[in-house]
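All the letters of the sequence shown, read from the start, carry residue numbers -23 to -1, 1 to 227 under mature numbering (1 follows the signal peptide of the UniProt record, and there is no 0). Note that CB positions come from ideal geometry on N, CA and C, so glycine has one too. These figures come from a predicted structure and were not determined experimentally.
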Amino acid sequence: MPQRLTPCLLACALLAASAGAHAGCNDPAARRVNWVGCARVGAQLEGAELRDAVLVQVDFTDARLGGAALDNADFGRAVLTRAALGGARLSGARFVSTLLDGARFDEATLSRARLERAKGKAVSFARARLDGANLYQAELPGADFSGADLGGARLDQAVLDGARFDGATLAAATLTRSSLEGASLRDAMLKGARLEAADLEGSDLSGADLTEAYLVGARLDGARLDGARLDSAIWTDRRRCRPGSVGRCD
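Structure representation (structure tokens):
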């Protein structure tokens, strides 16, 4: 007959289990480290080795992670408020439902990263690599993607009002039903991009390359298209723009 735990033994067992569950918080930065739920507020982790790390629900407020190796790390539901990740290597990293207010990813590598439903204001991805990244339903109003590479990225249903994509590459990216009200896409490369039912009201597409882009159902009220290339683009009313169309769909 199995022995039943007394209340004292049960309490001790629960205490030991709890301590074990949080023991990883004292582990140093290393590949595959498990810091689930740990506090890393203001942590100095520049250049740290954290590939494949489990960083779910970690508080990285004001942390410094510039140049860190974070490929395939999982930041799910973590807090990265004002965190600095400039130049970090984040290919395949996961930021699902992560809070990114004021975070900086300037010149970071986020190829194939997952940012579905990530949220944050004033986030900077200037000159970052986000090719093949997934930003489905991300809410990043006012974000800075200037000069970033978002080739083949998925931004469907994302909220990007007032965001800056000046000089960014969005070739073959999908932005179906995304909100880009007042966004700046000056000189952006949008060749073959899908902008079906996207809200581009008041946006600036001056000098953008929209060759073969798909714009059926998109809202372009008040949008600027000065010098924008529209060669063979599929216009909002399903017309195919003539080759050589600039600034308007001829």
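Next on the checklist: On a Cα-Cα basis, can you pick out the residue from Ala174, Arg219 and Gly184 that is closest to Asp198?
Outcome noted: The residue among Ala174, Arg219 and Gly184 with its C-alpha nearest the C-alpha of Asp198 is Ala174.
Next on the checklist: For chain C, check one thing: does any of its Cβ atoms lie closer than 8 Å to the Cβ of Thr86?
Outcome noted: No chain C is part of this structure, which consists of one protein chain only.
Next on the checklist: On a Cα-Cα basis, can you pick out the residue from Leu192, Ala135, Ala90 and Ser183 that is closest to Ser204?
Outcome noted: Inspection of the sequence shows that residue 204 is occupied by Gly rather than by Ser. When Leu192, Ala135, Ala90 and Ser183 are compared, the shortest CA-CA separation from Gly204 is found for Ser183.
Checklist entry - Taking the alpha-carbon positions, what's the Phe52 to Leu92 distance? => result Straight across, the Cα-Cα distance linking Phe52 with Leu92 is about 10 Å.
Next on the checklist: To the nearest angstrom, how far is the alpha carbon of Thr38 from that of Ala60?
Outcome noted: Cα to Cα, Thr38 sits roughly 6 Å from Ala60.
Checklist entry - With distances taken from CA atoms, which of Ser88, Asp143 and Leu177 is nearest Ala65? => result Selected option, being the one with the closest Cα: Ser88.
Checklist entry - Using the beta-carbon count (16 or more within 10 Å), is Asp186 buried or exposed? => result Buried, since its Cβ has 16 or more Cβ neighbours within 10 Å.
Next on the checklist: Using only the alpha-carbon positions, how far apart do Gly139 and Val56 sit?
Outcome noted: Near 23 Å, if we compare the C-alpha coordinates of Val56 and Gly139.
Checklist entry - Nearest-angstrom Cα distance between Ala115 and Val35? => result Roughly 19 Å between the two C-alpha positions.
Next on the checklist: On the DSSP bridge list, what partners appear for Glu26?
Outcome noted: Per DSSP, Ala46.
Checklist entry - Hey, out of Ala200, Val136 and Gly128, whose CA is closest to Lys168's CA? => result Ranked by how close their Cα comes to the Cα of Lys168, the residues Ala200, Val136 and Gly128 have Gly128 in first place.
Next on the checklist: Quick check on Asp227: buried or exposed, where buried means 16 or more other Cβ atoms within 10 Å of its Cβ?
Outcome noted: With fewer than 16 Cβ atoms within 10 Å of its Cβ, Asp227 is classed as exposed.
Checklist entry - Between Gly179 and Gly159, is the Cβ-Cβ spacing less than 8 Å? => result Note that the C-beta distance between Gly179 and Gly159 is below 8 Å.
Item to check | Residues that Glu116 bridges to, as DSSP identifies them | outcome: Beta-bridge annotation (DSSP): Glu116 is paired with Lys96 and Val136.
Next on the checklist: Taking the straight line between their C-alpha atoms, what separation do you get for Thr213 and Arg225?
Outcome noted: Straight-line Cα distance between these residues: approximately 12 Å.
Next on the checklist: Suppose contacts are defined by Cβ-Cβ distances below 8 Å. Is Ala95 in contact with Phe122 by that definition?
Outcome noted: For Ala95 and Phe122, no; Cβs fall outside 8 Å.
Checklist entry - Can you give the Cα-Cα distance for Leu132 and Ser209, rounded to whole angstroms? => result Those two C-alpha atoms are separated by around 22 Å.
Checklist entry - Taking the alpha carbon of Leu76 as the point to measure from, which residue in Asp83, Val33, Ala85 and Asp176 has its own alpha carbon closest? => result Shortest Cα-Cα distance from Leu76 to any of Asp83, Val33, Ala85 and Asp176 involves Val33.
Item to check | C-beta atoms of Leu42 and Ala30 nearer than 8 Å | outcome: Here Leu42 is not near Ala30, since their CB atoms are 8 Å or more apart.
Item to check | Neighbourhood of Ala219 by C-beta distance below 6 Å, restricted to the same chain and skipping five residues each side | outcome: Residue 219 is actually Arg in this sequence, not Ala. The beta carbon of Arg219 sits closer than 6 Å to the beta carbons of Asp227 from its chain, once the five residues preceding and following it are set aside; these are given in chain order.
Next on the checklist: Can you give me the C-alpha to C-alpha distance between Ala80 and Leu112, rounded to a whole angstrom?
Outcome noted: A straight line joining the alpha-carbon of Ala80 with that of Leu112 spans about 16 Å.
Checklist entry - What residues in its chain sit with their C-beta under 6 Å from that of Gly14, if we drop five residues either side in the sequence? => result If we look at Gly14 and ignore the five residues flanking it on each side, its Cβ neighbours are Gln34.
Next on the checklist: I'd like to know whether the C-beta atoms of Asp126 and Leu152 end up nearer to each other than 8 Å.
Outcome noted: No. Outside cutoff.
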